[in-house]
Structures are given as C-alpha cells and as structure tokens.
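According to our numbering, the sequence shown is numbered sequentially starting from 18.
Contents: one structure, followed by commentary.
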Amino acid sequence: RQFVTRLFQQVPVLDSGARGSTNTFAQRNMGDVLLAWENEAFLAVNELGPEKFEIIVPSISMLAEPPVALVDKWIDDHGTRTLAQAYLEYLYSPAGQRLVAKHYYRPVAPEHADPEDLKRFPALELVGIDTVFGGWQKAQREHFADGGVFDQIYTKGK
Numbered sequence: 018r019q020f021v022t023r024l025f026q027q028v029p030v031l032d033s034g035a036r037g038s039t040n041t042f043a044q045r046n047m048g049d050v051l052l053a054w055e056n057e058a059f060l061a062v063n064e065l066g067p068e069k070f071e072i073i074v075p076s077i078s079m080l081a082e083p084p085v086a087l088v089d090k091w092i093d094d095h096g097t098r099t100l101a102q103a104y105l106e107y108l109y110s111p112a113g114q115r116l117v118a119k120h121y122y123r124p125v126a127p128e129h130a131d132p133e134d135l136k137r138f139p140a141l142e143l144v145g146i147d148t149v150f151g152g153w154q155k156a157q158r159e160h161f162a163d164g165g166v167f168d169q170i171y172t173k174g175k
C-alpha cells in the first residue's frame, strides 16, 4: 500500500482510460513513466517511433481478459444477432487470433498467430484475478468501490 501511495503521488494526470493515458504521456509529454496495457505500449512505439519510447516488461503481470458478450435485448431490437454471433465466433477463430496478434494483443490461442507477430510478446508470468484477489466481485468491493483501497490511496496521495 505504501508503494502504491508513493506511486500515485508522482502521477501528474490520472486519465479516465488507457487511450487517454497513452495520449497524455506520448503526445503531451506528461510524465516519466506510463503504466499501460501491452497493446497501448506497442501502438505508441509504432505511431511515434522506437527512439521515443522503451517498453519495459515486468516479470509478472495480471491476466487481462476483456469481456466480449452478446446483449440479447440490443441485438434482437436491432436485428443484428447473426452479425454479432459471427463476430464473436470469428474473434476466437484461427483467423481472428492471427488478426488479434497483428494488432498488438496477446492472443489466447498463440498457435494460430503469425510467428513474426508473436516475437514481440516476451515470456511473461500471468496471474489471474481469481488467484490473487479472490475474483472480480471481491476485488471490486475491496479495491474500487467508494471508499475502497483505491480511494484511500488516491485521496491520501493528492
């Protein structure tokens, strides 16, 4: 907790999302270090040049699995169920996994990705939210709900 509190004391801007944070750091030159999703770091290097940024990969990181879901009411109201279902199925297909890796996301099925694209992803120990924090509900309640650990640290840090 002390380390994270000290870390937040050094944060000049706390953007609301990953892309905003990357833009603030890379384009507005605010901050010394950017803690970013892997794909955002690769995009910044690709867009602005490898001479401007160095990507440092930690030895361990959280397994981030962005959710993908069909929202029944929406797709039924808009008549897009077939299209939405096809997208969802494509995303995890061999072709979809190749596309995912090409666009700087670590594929869940790397055996389907182009070996050249996989070279950019160093070996990394990934730990899940269930293992470390007891699941999303517990982590949300403890760390991110009003008055949770994040609020305590961020308020104290500023």
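The beta carbon of each residue, even a glycine, is placed where N, CA and C say it ideally should be.
On a predicted model such as this, the values are computed, not experimentally measured, just so you know.
Going by the DSSP bridge assignment, what does residue i pair with across the sheet?
i    : result
L143 : S78
Mind checking residue i: buried by the 16 CB within 10 Å criterion, or exposed?
i    : result
E57  : buried
I73  : exposed
T39  : buried
A112 : exposed
I170 : buried
Q19  : exposed
Q26  : exposed
A53  : buried
Q114 : buried
In this structure, does DSSP put residue i in helix, strand or coil?
i    : result
Q27  : coil
T97  : coil
K155 : helix
N46  : coil
H129 : helix
V88  : coil
G164 : coil
A61  : helix
S33  : coil
A112 : helix
L105 : helix
A118 : helix
E55  : helix
I170 : helix
F138 : coil
With a Cβ-Cβ cutoff of 7 Å, do residue i and residue j count as a contact?
i    : j    : result
R123 : F138 : yes
T41  : D49  : no
F70  : A81  : no
A126 : A118 : no
A43  : L24  : no
A156 : I146 : yes
M47  : V21  : no
L143 : S76  : no
A177 : L87  : Here the chain has residues from 18 to 175 only, and residue 177 is not among them.
F59  : Y121 : yes
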